[in-house]
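Going by the working numbering, the sequence shown opens with residue 130, and the numbers climb by one from there. Built from N, CA and C at the ideal position, the CB exists for glycine as well.
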Amino acid sequence: MSNPASLLFLKLEWSGTRQGQGSGFMSSGGDGTHYASCPMCGGINPEAGAEGDFMKSAIGHQKGCRLKKRITQLTVEQSG
Numbered sequence: 130m131s132n133p134a135s136l137l138f139l140k141l142e143w144s145g146t147r148q149g150q151g152s153g154f155m156s157s158g159g160d161g162t163h164y165a166s167c168p169m170c171g172g173i174n175p176e177a178g179a180e181g182d183f184m185k186s187a188i189g190h191q192k193g194c195r196l197k198k199r200i201t202q203l204t205v206e207q208s209g
């Protein structure tokens, strides 16, 4: 992906944050680790190493994520 719009989408992809469980009683407290996530669907970046804080289904883009769909479309358009 080389056009400016494509690069912007790639920068946006994991620009959100989600916080893992805290160290307080029943995992409460605001001291949990922050992980990069998709700002559209809230899925955790698979490269963030968050498997210990989140269920497997929370890792990666969620089904129907519009941002992931657009990035995929741009990738296909530019490769073909």
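Asked, Found
"Ranges of the beta strand (DSSP E) found wholly within the stretch 131 to 170, counting only runs of at least 3", "145 to 148, 163 to 166"
"Segment limits, alpha helix (DSSP H) that includes S208", "195 to 208"
"Nearest residue (CA-CA) to C170, options K198, P133, E206, G178", "K198"
"Candidates V205, G172, K192, of which the one nearest S144 by Cα", "G172"
"Close beta carbons around Q148, own chain, < 8 Å, minus the five adjacent residues each side", "G159, G161, T162, H163, Y164"
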